[in-house]
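Reading through the structure tokens given below for one structure.
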Amino acid sequence: MKSYGKMSSLTALLTFCSIAAGSCIDLTLKASSIGGNFITQAILRENGNIKISLSKNIPNGSPSHQIFKENGYELTVYHKENIWTLDMPKHFSGKRTLKWDLIYCDDTKQSCWWVYQDSYCFQ
């Protein structure tokens, strides 16, 4: 019985700390164009833990958006506007802007890589 009481207190403390500290979402989006083939890689972390790590081909070079689903998370990336949303309406409303972090092209400009990032914290 004492063990159960200690476990309940520990669980309550961890829950309180999680609510008080909140959560942070970090998104890294890497896009590449190699010989006319376009690929997007999305890496979404919540409090440092990877929740989404998926790559997708971009059909016809430029769709309006892509959806990445993994581990109960749904990330939508709107390519033309450089914005993103996350299916967490209680904590995450609206759209967020992706910040352009890096671009690199080879000398022929046949292959290019872009990196976009954003972070969002909520309680």
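One rule links them: number in the numbering used here = place in the sequence shown (from 1) + 1076. A virtual CB, placed ideally from N, CA and C, is assigned to each residue, including glycine.
When the options are compared against residue i, the one with the closest alpha-carbon
i	options	result
Asn1125	Ala1107, His1141 and Tyr1149	Tyr1149
Ile1101	Asn1123, Gln1117, Thr1116 and Trp1176	Asn1123
Leu1105	His1155, Gln1199 and Cys1197	His1155
Leu1178	Ser1108, Thr1184 and Gly1098	Ser1108
Phe1144	Pro1135, Asn1158, Glu1157 and Leu1162	Leu1162
Arg1172	Asn1158, Asp1183 and Thr1184	Asn1158
Ser1195	Phe1114, Tyr1180, Leu1120 and Gly1111	Leu1120
Cys1188	Asn1113, Lys1132, Leu1103 and Gly1098	Asn1113
Ala1118	Cys1197, Phe1198 and Tyr1192	Tyr1192
Ser1129	Ser1140, Thr1116 and His1141	Thr1116
Trp1190	Asn1133, Trp1176, Asp1183 and Gln1142	Trp1176
Lys1147	Gly1170, Met1164, His1141 and Trp1160	Note that residue 1147 is Asn in the sequence shown here, rather than Lys. Checked all of Gly1170, Met1164, His1141 and Trp1160; the closest Cα to Asn1147 is Met1164.
Lys1127	Leu1103, Gly1111, Gly1170 and Trp1160	Leu1103
DSSP three-state assignment for residue i, whether helix, strand or coil
i	result
Leu1090	Confidence in Leu1090 is poor, its pLDDT being 36 and thus under 50, which makes the residue's placement unreliable; the coordinate value appears in the next sentence. DSSP places Leu1090 in helix when its eight states are reduced to three.
In DSSP terms, what residue i is bridged to
i	result
Asn1113	Ile1110
Lys1185	DSSP, once it has assigned bridges, lists no residue as partnering Lys1185.
Asp1240	Coverage of the chain is limited to positions 1077 through 1199, which leaves residue 1240 absent and any answer about it impossible.
Glu1146	Tyr1149
Leu1120	Leu1103 and Ile1128
Beta-carbon proximity check, residue i vs residue j, cutoff 9 Å
i	j	result
Cys1181	Ser1099	no
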